[in-house]
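Colleague: Quick one: this structure, given as structure tokens, is what I'll be asking you about.
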Amino acid sequence: MLMHIPKDGSGVYLISIMRDSWVNIPGYGSAKVNAALNYGGIGLQVATIEQLLGIKIDHVAEIDFTGFKDLTNAVGGVDVQVPVAFKTGVWSYTPGTMHMDGSTALAFVRERYSFAAGDYQRVRNQRAYLRGLYNTLKAQGALSSIGKFKTVVDSLSGYLTVDKGLDSSQVANLAAPVITNGSTAMHMMSLPNAGPGWSMDGQSIVLVDQKANADLTRALQNDKITDFTSVYGED
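Now the structure itself:
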């Protein structure tokens, strides 16, 4: 998932890239985009996305399952708008607002076999959780001032692994345009794809929509993300 913050601070944009997207991985050739992490760690994953979109990724944050659960619990749980009903393990989810603790939220964002849409629905659920987390932090005043935001980042930073140099002060600096601009809306979208396909070696893959990819590249490079959303919409 790629985050973009326009220079003028006019909101936060999250762009999902389907895990089975068939792309070129530097030094390895064509493969599913998520294979880059297995081949060469986060560095190769970043290089793969940078090549795909023709951009430079400034910072990276990772979270593991334990960190995800602990972070969710640390903010008091998250109210999530569940889009579709499903069951997985001991957990049941019904459409509407559901307050989730860490374990419930982790099961929610991981499940894909319960859905006819598979990973597409899982991506929707992941975004539903992120929107809920974002709204929770806003309700707790995290975006009321740069100082408050830095304090919240300090308190939650132990649950994340970030690149060298990305401390709470730097995160606050990145968020400052959004906080001072007052436009704290979260916008979510997926990189449009050309549907399912098969690789030469028989893997089920997601085909990249080359025109949409080029349009997103141009929008990000020129800091005009609304040029992209006006055509392809938001989720």
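Going by my numbering, the first residue of the sequence shown is number 239, and it counts up by one from there.
Where is the CB? At the ideal position from N, CA and C, for every residue including glycine.
Note that the structure is a prediction, hence the values are computed from the model and not measured.
For PHE324, which residues of its own chain have a beta-carbon under 6 Å away from its beta-carbon, when the five flanking residues on both sides are left out?
Modeller: Closer than 6 Å at Cβ, skipping near neighbours: TYR331 and SER352.
Colleague: Jot down the residue ranges of each uninterrupted beta strand (DSSP E) in the region 387-455, minimum 3 residues, whole runs only, in chain order.
Modeller: 424-428, 431-436 and 442-446
Colleague: Between which residues of its own chain and TRP329 is the CB-CB distance below 7 Å, once the five residues before and five after are set aside?
Modeller: THR342 and ALA345
Colleague: For VAL261, tell me which candidate among LEU290, SER254, MET239 and ASP246 has the shortest Cα-Cα distance.
Modeller: LEU290
Colleague: Quick check: the region 461-470 against the region 240-256, are there 3 or more CB pairs under 8 Å?
Modeller: yes
Colleague: Rounded to the nearest angstrom, what separates GLY334 and GLY327 at their Cα positions?
Modeller: 20 Å
Colleague: Bridge partners of HIS337, per DSSP?
Modeller: ASP317
Colleague: For the alpha helix (DSSP H) containing VAL284, name the first residue and the last one.
Modeller: VAL284 -> alpha helix (DSSP H) spans 273-291.
Colleague: What does the Cβ neighbour count give for TYR266, buried or exposed, with the cut at 16 atoms within 10 Å?
Modeller: exposed
Colleague: Tell me whether GLY305, by its Cβ, gets closer than 8 Å to a heavy atom of the ligand COA.
Modeller: The ligand COA is absent from the structure shown, which contains no ligands of any kind.
Colleague: Around the Cβ of VAL390, are there at least 16 other Cβ atoms within 10 angstroms (buried) or fewer (exposed)?
Modeller: When all chains shown are included, VAL390 counts as buried.
Colleague: Check whether the region 298-317 and the region 391-401 touch, using three or more Cβ-Cβ pairs below 8 Å as the test.
Modeller: yes
Colleague: Comparing alpha-carbon positions, which option in ARG369, ILE417 and GLU349 lies nearest LEU381?
Modeller: Nearest option by C-alpha distance: ILE417.
Colleague: Alpha carbon to alpha carbon, what distance is there between ASP401 and ALA299?
Modeller: 7 Å
Colleague: Quick check on this structure: which residue in VAL313, LYS376, LYS270 and LYS386 has the alpha carbon closest to the alpha carbon of ALA423?
Modeller: LYS376
Colleague: Quick check on the DSSP output: the alpha helix (DSSP H) that includes LYS270 runs from which residue to which?
Modeller: Premise fails: LYS270 lies in the beta strand (DSSP E), 267-270, not in any alpha helix (DSSP H).
Colleague: How about VAL409 and LYS388: do their beta carbons lie closer than 9 Å?
Modeller: Result yes, Cβ atoms of VAL409 and LYS388 sit closer than 9 Å.
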